[in-house]
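S.K.:
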Amino acid sequence: MKHTLVVLVENKPGVLTHVSGLISRRNFNIESINAGYTEEADMSRITIEVDADDEYELEQVVNQLSKLIDVIKIIDLTGKDRVHRDLALIKVKASPENRAEIVNLAEIFRAHIVDVNKETMIIELTGEDVKIDAICELLDDYGIIEIVRTGKIAICRGPKAAKDL
Amino acid sequence: MKMTGAQAIIECLKKEDVQVVFGYPGGSVLTLYDALYMSGFPHVLPRHEQGAIHAADGYARATGKVGVCMATSGPGATNLITGIATAYMDSIPLVLITGQVAVSFLGRDSFQEADIRGITTPITKHNYLVRDVRDLPKIVKEAFYIARTGRPGPVLIDIPKNIFAEEIDFEYPAEVNLRGYTPICEGDSQTMNAVFDELKFAKKPLFFIGGGLNLSDTSEIMQKIIAYTGVPTVSSLMGLGCISSDDPHFFGMIGMHGTYAGNMSTTETDLLIGIGVRFDDRVTGRLDQFASNAKIVHFDIDPAEINKNVRANIRVIGDLRWTLEKFYQKLQEKPAKEWQDQFKPWLEKLSGWKKEKPLTYKKDTDEILPQPVIEKICEITEGNAVIVTDVGQNQMWTAQFYGFKHPRSLLTSGGLGTMGYGLPASMGAQVGKPNKKVICICGDGGFMMNCQELMTIADLNLPVKVMILNNQSLGMVAQWQREFYNSHYAHSCMRTKADFVEIARAMGVPAVRLDKKEEIEAVLKKAIFSEGPFLVDIRIPEEEDVLPMVPTGAGLNQMILGG
Ligand SMILES: Cc1ncc(C[n+]2csc(CCOP(=O)(O)OP(=O)(O)O)c2C)c(N)n1
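Protein chains in written order, with the numbering used here: chain V, 10 to 174; chain A, 841 to 1403.
Next up, the structure:
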């Protein structure tokens, strides 16, 4: 089962490598990993999606990560009421004939066209990963040239920050 | 006070009450070495950085203090790797100070540059690269704190050359403040009730003790618990000595080369209480058959150890200094006599196994066998020596046949199984415990891996006694080849023209060869009671096996027995 972990870490060089290195070294499977700044200057937030076979494996991931001195806190958002998003930029073949179709499609998905030229378009889409998967499947018919995705980030609904959970 | 980075480090070491450092100089640490020189800080110079770090490790294991080791950048630092991994696997507190190329040279493949932080990340509890000299005191303070608290371990501080020379206004921080690190000291007393309830209904409980007792110096309270309840006790390699081997409740080591009584009881127990152990695969054998009739209770300071290998029904997380005290108090709710009566039939069953199938070896031979040699060493030292082993058969025979009585009296590379550990570690142990008899028991293979340290031992006139169990082969490898590879001795024989006695003498250590059975006692006594260092090259037969043995992939009750 997939789990979304929020890992709050000291904002220091090398911490992301440390976290990702530990996960792979311990033979756990990372689906995606994402890091960025937070509301606190000296804290970064890493969102990790891991695929754990059972609760014991998940517990090991969390406990092993907790041992890192620069890891401040780990919160499992799985099952919590949360918003999660992935950002994708998709470059797709777009001839003048089917351009309108693609624009239509993008609209249905509330995606933005962020670049157009004679042969291609770039579509920007944020959303849950299933939504991105869906548009990719449809765009495939036109010929996808390139996809770039950020991987999942997640935040809890409600008034509290993850660090206070 | 104004001082350079190098001087600041020495000030920090003094504040941390460090008595001695083990290290090896080089370009990037010359400023630091100059400061050592000027302050006259005690320093041991081995003949290889690996010798320095194993020595610091032996020092830490023997004394319970943090071992400190220094090396230069690049090759000096990379020579520490095996020793860092060794200490990491056995949770030994070390602080390692490595030189690094100057900040302006970082990341350019400069002369003697190696990314030691990157290299050591998986094998240190934590590591640092100092980029600003003003951070130095805080970092050193944190490093010692991290190394010795919680589950101990090695911490590395990498310091660029220019930082040693830059000036700061020195002030040693009074406190450490790390929001991501709050070592658990006190556990939760609720869990004690649960353990108590399990024990109340158990018929065949077993205490399984490990290195955690050594590290936390809690063998005394453990002994009280055992005496009070009468619960039989077995040990991992790392737990040997915490309970005296002649205690009637003690049934030796379990695992691959464990005792019959120990392994059988582990298979049969209905309540296995693991204390400061990490259920290594050398201990458990086939996991699905390990203590498969038992509920499992696990006492450990590191939550990540729980359920890592063996699933625990009850977890008792916390420093053993706290949890064992609490456990002992809780046990008082039932009188000692009642506990002991409850477990008496079970204890008798184990005693029966022990009597029926003790550790043994063949007695009717003219050859010198390693097992009686070790028993003799135990007898001569009255079980009071600090024994440092290398890795291989020598290590297992020592574990089996030296009757350990005291904690911190067996120093051995358990987790990593590092050949070459014994000699330098015994050097460090002797530095830390100048009044103790320190005896290094090693094989001929492992001895050669760091034999250069004989020279250091001679120079310092450390009274380390080196006993080489010389089977002219890589004995443990050969044993496996005999058992599992049709006796194909692929590169495990080391018949040699060279002579260990001559090597020792050349390095300044008196030595003799022992090859006559009737001379065992006299030669061992001569060696052990000699003033300074001494080496004995003991010629043992090539084909002697360590038994019992549980083949890999088998359950603990499927032992090949010996004798
Ligand atoms: C550094 C290192 N290399 C290789 C091994 C694998 N190994 C384990 S035991 C052993 C043989 C040891 O031979 P020796 O030192 O002569 O001791 P004996 O087993 O004969 O007592 C070897 C090669 C190891 N543990 N460590």
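All C-beta atoms in this analysis are idealised placements derived from N, C-alpha and C, irrespective of residue type, glycine included.
So, with DSSP's three-state summary, where would you put A/THR1252?
M.R.: coil
S.K.: Could you tell me whether the Cβ of V/ASN36 comes closer than 7 Å to any Cβ of chain A?
M.R.: no
S.K.: Is A/ASN1311 near ligand 1, going by C-beta to nearest heavy atom under 6 Å?
M.R.: yes
S.K.: Taking 6 Å as the cut-off, does the CB of A/MET1307 come closer than this to any heavy atom belonging to ligand 1?
M.R.: no
S.K.: Any idea what DSSP makes of A/TYR928, helix, strand or coil?
M.R.: helix
S.K.: Mind checking whether the beta-carbon of A/GLY1232 lies closer than 6 Å to any heavy atom of ligand 1?
M.R.: yes
S.K.: So the candidates are V/GLU133, V/LYS21, V/ARG166 and V/MET10; which of them puts its Cα closest to the Cα of V/VAL101?
M.R.: V/GLU133
S.K.: Measuring only the C-alpha atoms, how far is A/VAL856 from A/GLY1372?
M.R.: Checking the displayed sequence, the identity of residue 856 of chain A turns out to be Glu instead of Val. Distance between the alpha carbons of A/GLU856 and A/GLY1372: 31 Å.
S.K.: Pick from A/VAL884, A/PRO1391, A/TYR1325 and A/GLU1383: whose alpha carbon is nearest that of A/PRO865?
M.R.: A/VAL884
S.K.: Go through the region 1267–1299 of chain A residue by residue and report every complete run of the beta strand (DSSP E) that reaches 3 residues or more, in order.
M.R.: 1278–1283
S.K.: Please list, in chain order, all residues of the same chain as A/VAL813 whose beta carbon is under 7 Å from its beta carbon, the five residues on each side excluded.
M.R.: Absent from the structure is residue 813 of chain A, since the part of chain A shown begins at 841 and ends at 1403.
S.K.: Taking the straight line between their C-alpha atoms, what separation do you get for A/GLY939 and A/ASN1147?
M.R.: 39 Å
S.K.: Which residues of chain A have a Cβ atom closer than 8 Å to the Cβ of V/HIS27, listed in chain order?
M.R.: THR961
S.K.: Taking only three categories from DSSP, how would you classify A/GLY1051?
M.R.: helix
S.K.: Report yes if the CB atom of A/VAL941 is closer than 7 Å to the CB atom of A/SER950, and no otherwise.
M.R.: yes
S.K.: Taking only beta-carbon atoms, is A/HIS966 less than 7 Å away from chain V?
M.R.: yes
S.K.: Measuring alpha carbon to alpha carbon, tell me which of A/GLU1293, A/LEU1314 and A/SER1313 ends up nearest A/LEU1306.
M.R.: Looking at the sequence shown, residue 1306 of chain A is not Leu but Val. Residue A/GLU1293 is the option with its Cα nearest to A/VAL1306.
S.K.: For the region 67–99 of chain V, which segments carrying the beta strand (DSSP E) assignment without a break, of at least 3 residues, lie completely within its bounds, in sequence order?
M.R.: 80–85
S.K.: Chain A beta carbons: is any one of them nearer than 7 Å to that of V/ASP85?
M.R.: no
S.K.: Just checking: is the beta-carbon of A/TYR1021 within a distance shorter than 7 Å of some beta-carbon in chain V?
M.R.: Between A/TYR1021 and chain V, the shortest Cβ-Cβ separation is below 7 Å.
S.K.: Buried or exposed: where does A/ALA1042 fall if 16 or more other Cβ atoms within 10 Å of its Cβ makes it buried?
M.R.: Using a 10 angstroms sphere on the CB of A/ALA1042, the tally of other CB atoms reaches 16 or more, which defines it as buried.
S.K.: Taking all protein chains shown into account, decide if A/HIS1331 is buried (16 or more other Cβ within 10 angstroms of its Cβ) or exposed.
M.R.: exposed
S.K.: Rounded to whole angstroms, what's the CA-CA distance from V/MET10 to V/VAL71? Just pull it up for me.
M.R.: 15 Å
S.K.: Answer with yes or no whether the minimum CB distance from A/PRO1143 to chain V is below 7 Å.
M.R.: So yes, A/PRO1143 belongs to the interface.
S.K.: Residue range of the beta strand (DSSP E) that A/ASP1140 falls in?
M.R.: 1135–1140 is the span of the beta strand (DSSP E), which, as asked, contains A/ASP1140.
S.K.: Contact criterion: CB-CB distance below 7 Å. Does A/ASN1147 meet it with respect to chain V?
M.R.: yes
S.K.: Which word fits V/ARG34, buried or exposed, when buried means at least 16 other C-beta atoms lie within 10 angstroms of its C-beta?
M.R.: Residue burial is scored here from C-beta neighbours: V/ARG34 has fewer than 16 other C-beta atoms within 10 angstroms and is therefore classed as exposed.
S.K.: Which full runs of the beta strand (DSSP E) of 3+ residues lie inside the region 847–931 of chain A, going along the chain?
M.R.: The region 847–931 of chain A contains these whole beta strand (DSSP E) runs: 861–863 and 907–911.
S.K.: Out of A/PHE1139, A/VAL869, A/LEU1160 and A/GLN859, point me to the one whose CA is closest to A/GLN952's CA.
M.R.: Comparing Cα-Cα distances from A/GLN952 to each of A/PHE1139, A/VAL869, A/LEU1160 and A/GLN859, the minimum goes to A/VAL869.
S.K.: I want to know whether the region 1134–1143 of chain A touches the region 1108–1119 of chain A - three or more CB-CB distances under 8 Å.
M.R.: yes
S.K.: In chain order, what are the residue ranges of uninterrupted alpha helix (DSSP H) at least 4 long that sit wholly in the region 98–135 of chain V?
M.R.: 108–117
S.K.: Can you pull the chain A neighbours of V/ILE57, defined as C-beta to C-beta under 9 Å?
M.R.: Using a Cβ-Cβ cut-off of 9 Å, V/ILE57 is close to nothing in chain A; its nearest Cβ partner there is about 16 Å away.
S.K.: If you scan the region 963–1002 of chain A from start to end, which runs of the alpha helix (DSSP H) of 4 or more residues do you find wholly inside it?
M.R.: 976–988
S.K.: Please list, in chain order, the chain V residues whose beta carbon lies closer than 8 Å to that of A/ARG957.
M.R.: Those are GLY23, listed as they occur along chain V.
S.K.: Closer than 7 Å, Cβ to Cβ, to anything on chain V: give me those residues from the region 983–994 of chain A, in chain order.
M.R.: Correct list: ILE986.
S.K.: Taking V/ASN43 as the query, report the chain A residues whose CB atoms sit under 8 Å from its CB, ordered along the chain.
M.R.: Near V/ASN43 there are no residues of chain A at all, since even the closest Cβ is about 19 Å away, more than 8 Å.
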